[in-house]
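Have a look at the structure below before the remarks.
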Amino acid sequence: MTPQPIVDARAVHKHFGTLHVLKGVDLKVAERELVFVIGPSGSGKSTLLRCLNRLEEPSSGSILVDGIDMLDPKTDINHARRRIGMVFQSFNLYPHMTALGNVTLALRKVAGKSRAEADRLGQAALERVGLADRAGHTPGQLSGGQQQRVAIARSIALEPRVMLFDEPTSALDPELVGSVLEVMRSLRESGMTMVVVSHEMGFARNAADRVVFMDDGLIVEQGPPAAIFEKPTQERTRAFIGQIQRH
Amino acid sequence: MTTWDRFLDTFFNGKVMLKYLPDILWGVVVTIELAILIVLSGLAAGLALALLRSLAIRPLNWLIIFIVDLFRSLPPLVIIVLMYFGLPYAEVSPSGFVSTWLSLAFVLMAFSEEIFWAGITSIHKGQWEAARSTGLSFGETLMNVVLPQALRLTIPPLTNRTIAITKGTALGTVVAVSEILGAASSAMSNSYNPSPLMMGAAAYLVLFLPVVVLARRLERRFAWKR
Amino acid sequence: MEAMIQTFFNVEIIAASWPIVVAGLLNTVLLSLIVVPLGLFGGLILAMLASIRHPLVRWPLMAWVDFFRAFPPLVLLILLFAGLPFAGLDLGGFACVAIAFFLNTGSYYGEIFRAGIESVPAGQVEAGRSTGLSRLQAMTYIILPQAVRNVLPDLLSNTLEVVKLTSLGSVVAVPELLYQARQAQSLTYNPTPIVVAAIIYFLMLWPLVRLLSRLENRALAGRR
Ligand SMILES: Nc1ncnc2c1ncn2[C@@H]1O[C@H](COP(=O)(O)OP(=O)(O)OP(=O)(O)O)[C@@H](O)[C@H]1O
Ligand SMILES: [Mg+2]
Numbered sequence: 599m600t601p602q603p604i605v606d607a608r609a610v611h612k613h614f615g616t617l618h619v620l621k622g623v624d625l626k627v628a629e630r631e632l633v634f635v636i637g638p639s640g641s642g643k644s645t646l647l648r649c650l651n652r653l654e655e656p657s658s659g660s661i662l663v664d665g666i667d668m669l670d671p672k673t674d675i676n677h678a679r680r681r682i683g684m685v686f687q688s689f690n691l692y693p694h695m696t697a698l699g700n701v702t703l704a705l706r707k708v709a710g711k712s713r714a715e716a717d718r719l720g721q722a723a724l725e726r727v728g729l730a731d732r733a734g735h736t737p738g739q740l741s742g743g744q745q746q747r748v749a750i751a752r753s754i755a756l757e758p759r760v761m762l763f764d765e766p767t768s769a770l771d772p773e774l775v776g777s778v779l780e781v782m783r784s785l786r787e788s789g790m791t792m793v794v795v796s797h798e799m800g801f802a803r804n805a806a807d808r809v810v811f812m813d814d815g816l817i818v819e820q821g822p823p824a825a826i827f828e829k830p831t832q833e834r835t836r837a838f839i840g841q842i843q844r845h
Numbered sequence: 002m003t004t005w006d007r008f009l010d011t012f013f014n015g016k017v018m019l020k021y022l023p024d025i026l027w028g029v030v031v032t033i034e035l036a037i038l039i040v041l042s043g044l045a046a047g048l049a050l051a052l053l054r055s056l057a058i059r060p061l062n063w064l065i066i067f068i069v070d071l072f073r074s075l076p077p078l079v080i081i082v083l084m085y086f087g088l089p090y091a092e093v094s095p096s097g098f099v100s101t102w103l104s105l106a107f108v109l110m111a112f113s114e115e116i117f118w119a120g121i122t123s124i125h126k127g128q129w130e131a132a133r134s135t136g137l138s139f140g141e142t143l144m145n146v147v148l149p150q151a152l153r154l155t156i157p158p159l160t161n162r163t164i165a166i167t168k169g170t171a172l173g174t175v176v177a178v179s180e181i182l183g184a185a186s187s188a189m190s191n192s193y194n195p196s197p198l199m200m201g202a203a204a205y206l207v208l209f210l211p212v213v214v215l216a217r218r219l220e221r222r223f224a225w226k227r
Numbered sequence: 041m042e043a044m045i046q047t048f049f050n051v052e053i054i055a056a057s058w059p060i061v062v063a064g065l066l067n068t069v070l071l072s073l074i075v076v077p078l079g080l081f082g083g084l085i086l087a088m089l090a091s092i093r094h095p096l097v098r099w100p101l102m103a104w105v106d107f108f109r110a111f112p113p114l115v116l117l118i119l120l121f122a123g124l125p126f127a128g129l130d131l132g133g134f135a136c137v138a139i140a141f142f143l144n145t146g147s148y149y150g151e152i153f154r155a156g157i158e159s160v161p162a163g164q165v166e167a168g169r170s171t172g173l174s175r176l177q178a179m180t181y182i183i184l185p186q187a188v189r190n191v192l193p194d195l196l197s198n199t200l201e202v203v204k205l206t207s208l209g210s211v212v213a214v215p216e217l218l219y220q221a222r223q224a225q226s227l228t229y230n231p232t233p234i235v236v237a238a239i240i241y242f243l244m245l246w247p248l249v250r251l252l253s254r255l256e257n258r259a260l261a262g263r264r
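Listed below in structure tokens is the structure:
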């Protein structure tokens with residue numbers, strides 16, 4: 599028997615009004631696995647991620663994360679979300695707080711830690727992303743790459759079971775992308791389960807366990823990076839891969 | 002007596018001023034009392050309404066919007082007169098002080114609700130999502146993440162509006178409140194001399210000018226730049 | 041309930057006092073049509089003076105504006121109406137309202153125009169001047185149109201306040217809406233006329249309030 603997957607989403611549908619954005623997506627993510635999601639703009643990648651922690655309400659389907667039924671009205675959603683880290687394209691750091699304040703807010707309010715304990719854990723999380731010396735800076739005083747690493751620290755401080763990344767490097771200047779990918783790589787090595795939506799194909803090649811190609815609200819094809827990038831079986835996948843490799 | 006002397010004797014008559022100084026000072030106390038009550042209750046009620054509105058309960062929001070619109074449309078003096086001269090017909094007789102306080106507090110509530118609400122809605126959706134994704138509840142996100150940013154944005158418009166409405170305490174005169182203007186007016190008619198009025202005018206400047214200057218500073222300081 | 045309506049919304053009393061109240065409404069409209077342009081005019085002058093960035097102009101101007109922002113309009117009005125006669129100058133209620141509003145609301149409009157003028161990038165004047173426009177021409181054709189557009193919500197909001205402020209006329213016996221309603225109230229021993237006046241104010245100003253709340257929401261969001 600295979601061990602229970604951390605993420606187990608089945609037949610997930612999502613409508614925005616008349617727009618059918620997810621058309622029955624099944625996605626399982628095993629513990630310690632890094633799943634890399636690619637697909638054309640508008641194919642529903644972000645929507646899928648946001649359904650996993652219920653920032654979007656799926657229209658139908660079932661979603662289990664670490665054994666917790668995310669769609670059950672009886673589930674304490676705030677408690678469940680604490681176990682699912684999310685990193686956004688635009689960082690979404692709280693501009694009125696320091697880096698440490700950003701990282702410790704949920705530790706204090708959701709995890710119920712004392713301020714001293716939260717500060718200690720927050721400082722450790724900042725250390726893991728290489729920003730221990732920036733704890734007292736506000737987001738406005740940090741570069742984009744540093745802001746995104748603080749955002750990652752904000753998630754990992756809560757010791758999530760899985761982390762969702764939605765285009766974490768797309769808003770960054772090219773020279774800052776590396777530092778964020780570096781942090782993501784070290785997270786992976788520490789055994790974090792990750793679902794990453796990104797255009798960083800190089801990272802996908804050497805860090806992903808599995809690449810999932812989405813188009814038009816469905817998973818079209820998935821497999822090891824080498825297979826998807828070198829010998830895709832589906833015409834749509836081939837077209838998409840061809841397109842990004844030409845650029 | 003030269004014209005200048007006569008002018009001084011009329012408008013800045015030492016004897017009259019000395020005689021009515023205690024009345025004016027007492028008026029200052031009443032004005033300050035009124036102002037503090039209006040600011041505290043008006044802003045608290047405005048913030049409470051804005052927070053209620055963020056719960057997005059349809060019929061409740063319509064009611065809030067209607068109340069806010071109502072108190073923004075009605076001249077404060079009309080509300081005061083309605084309370085003081087109208088309510089007694091329904092066997093409720095608020096004093097002039099209470100009428101002025103409540104009327105202006107309602108007006109401040111309406112204006113500040115609108116400002117608080119604009120502040121809350123102007124905070125980017127990503128802030129909500131980031132906070133909710135770490136497990137913060139709706140209320141915790143509102144209080145710890147959204148409101149602190151929103152309040153900062155609202156400080157300049159809020160101070161200006163608060164000053165403008167607090168100055169309205171002078172309207173209390175119309176319903177027999179002995180705030181500064183009321184005290185000065187009755188002193189003037191008792192003494193047949195405008196000196197008390199000049200004292201009253203000076204008192205308003207002493208009270209409000211520092212606030213206006215301070216507001217100007219705040220406005221510069223909180224002009225929101227990231 | 042029945043009794044409440046009889047007291048506060050008595051149809052017979054509405055009918056009887058209607059002509060008095062309507063006369064008041066007309067005066068309120070008339071008064072607004074006089075004091076709003078007057079205030080706008082005063083504000084424009086103040087703002088244009090303020091754009092002369094000389095300390096000898098700027099500081100007295102700022103003092104002037106702050107002075108009238110600190111002064112309750114009713115106090116100003118009473119000062120003119122009850123104080124000036126002691127200096128042998130009896131202007132009458134209407135003129136006092138006009139002057140007081142010119143001074144008071146002019147200062148508010150002035151601040152708004154000033155903010156608007158400052159919001160127009162300096163490059164705009166330079167571009168205009170470089171094509172040979174005079175200072176005044178650059179102000180009139182280039183700066184002011186952009187300035188007004190930038191601060192339109194504030195201008196409208198202040199105008200709303202000015203119209204509401206005309207109710208102060210009732211204190212110095214100017215027969216505007218509130219004054220007339222109170223006359224009718226004391227004639228009929230019934231608060232219905234004041235309620236009617238309040239409803240008229242509300243119906244008259246509500247559309248403006250709605251519009252403003254839209255514009256203001258957008259303005260604050262834009263500052264983020
Ligand atoms: N809140 C919303 N309301 C209405 N439509 C939405 C909403 N969010 C997303 N959509 C639509 O759903 C579709 C999928 O959006 P989604 O953001 O999931 O795509 P994506 O694959 O992440 O694209 P991209 O690569 O551009 O980020 C798009 O057509 C988008 O316009
Ligand atoms: Mg996306």
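Residue numbers (the numbering used here), protein chains in the order written: chain E, 599 to 845; chain B, 2 to 227; chain X, 41 to 264.
Every residue gets a Cβ at the ideal spot worked out from N, C-alpha and C, and that includes glycine.
If you're wondering where the values come from, they're calculated on a predicted model, not measured in any experiment.
- Residue environment analysis places residue 7/B among the exposed positions, since fewer than 16 neighbouring C-beta atoms fall within 10 angstroms of its C-beta.
- Remark: three or more beta-carbon pairs, one from each stretch, lie closer than 8 Å, so the stretch 130 to 140 of chain X and the stretch 210 to 228 of chain X are flagged as touching.
- Scanning the stretch 631 to 674 of chain E for uninterrupted alpha helix (DSSP H) segments of 4 residues or longer gives 643 to 650, listed from N- to C-terminal end.
- Taking 8 Å as the upper bound for CB-CB distance, residue 754/E and residue 723/E are in contact here, some 5 Å apart.
- In the pairwise beta carbon analysis, the stretch 147 to 159 of chain B is classified as not touching the stretch 827 to 835 of chain E: fewer than three pairs are separated by under 8 Å.
- The beta-carbon separation of residue 703/E and residue 695/E, rounded to 7 Å, stays under the 8 Å limit for a contact.
- Per DSSP, residue 791/E lies in no alpha helix (DSSP H) segment; the continuous beta strand (DSSP E) that holds it begins and ends at 791 to 795.
- Not a single CB atom of chain B sits nearer than 8 Å to the CB of residue 41/X.
- With a beta-carbon spacing of about 15 Å, residue 53/X and residue 86/B fall beyond the 8 Å limit used to define contacts.
- Closest in alpha carbon position to residue 87/X, among 75/X, 102/X and 248/X, is 102/X.
- Not flagged as an interface residue toward chain X: residue 24/B, since no C-beta distance is shorter than 8 Å.
- When the beta-carbon positions are compared, residue 242/X and residue 74/B come within less than 8 Å of each other.
- When the five nearest sequence neighbours on each side are left out, the beta carbons in the same chain lying within less than 7 Å of the beta carbon of residue 608/E are those of 624, 659 and 660, in order along the chain.
- Taking 4 residues as the shortest admissible run, the stretch 104 to 178 of chain X contains the following complete alpha helix (DSSP H) segments, listed from N- to C-terminal end: 113 to 118, 133 to 159, 162 to 170 and 175 to 178.
- Remark: fewer than three beta-carbon pairs, one from each stretch, lie closer than 8 Å, so the stretch 75 to 83 of chain B and the stretch 33 to 52 of chain B are not flagged as touching.
- Close CB contacts of residue 199/X within its chain, under the 7 Å cut and outside five residues either way in sequence, are with 76 (chain order).
- With respect to the 8 Å criterion, residue 144/X and residue 124/X are not classified as neighbours on the basis of their beta carbons.
- Check the Cα spacing between residue 109/X and each of 95/B, 37/B and 206/B: the tightest is with 206/B.
- Counting C-beta pairs with one atom in each stretch, the stretch 668 to 687 of chain E and the stretch 743 to 761 of chain E have three or more that are closer than 8 Å, which means they touch.
- In the DSSP assignment, residue 773/E falls within the unbroken alpha helix (DSSP H) covering 772 to 787.
- Cβ-Cβ distances below 8 Å link residue 741/E to 774 in the same chain, with the five nearest sequence neighbours on each side left out; the list follows chain order.
- Proximity to residue 220/B across 78/X, 149/X, 155/X and 107/X peaks at 155/X, based on C-alpha coordinates.
- Selection 252/X, 43/X and 245/X evaluated against residue 90/B yields 43/X as nearest (Cα-Cα).
- In the pairwise beta carbon analysis, the stretch 142 to 156 of chain B is classified as not touching the stretch 88 to 107 of chain B: fewer than three pairs are separated by under 8 Å.
- The C-beta distance from residue 207/X to residue 76/B rounds to 4 Å, short enough to fall under 8 Å.
- For a Cβ distance threshold of 8 Å, nothing in chain X lies close to residue 187/B: the least Cβ distance comes to about 12 Å.
- Not a single C-beta of chain X is nearer than 8 Å to the C-beta of residue 29/B.
- In this structure residue 726/E is in contact with residue 751/E, their Cβ atoms being roughly 7 Å apart against a cut-off of 8 Å.
- Of the heavy atoms belonging to ligand 1, none sits nearer than 7 Å to the Cβ of residue 811/E.
- The Cβ atoms of residue 164/B and residue 212/B sit closer than 8 Å to each other.
- Taking C-beta atoms as the reference points, residue 183/X and residue 164/X count as a pair closer than 8 Å.
- Nearest neighbour of residue 131/B by Cα position, chosen from 771/E, 700/E, 739/E and 783/E, turns out to be 700/E.
- Annotated as distal: residue 205/X and residue 112/X, with beta-carbon spacing of 8 Å or more.
- With contact defined as three or more Cβ pairs closer than 8 Å, the stretch 800 to 807 of chain E and the stretch 829 to 839 of chain E are not in contact.
- Below the 7 Å Cβ cutoff, chain B contributes 134 as neighbours of residue 684/E, in chain order.
- When only Cα atoms are considered, residue 14/B and residue 148/X end up about 33 Å apart.
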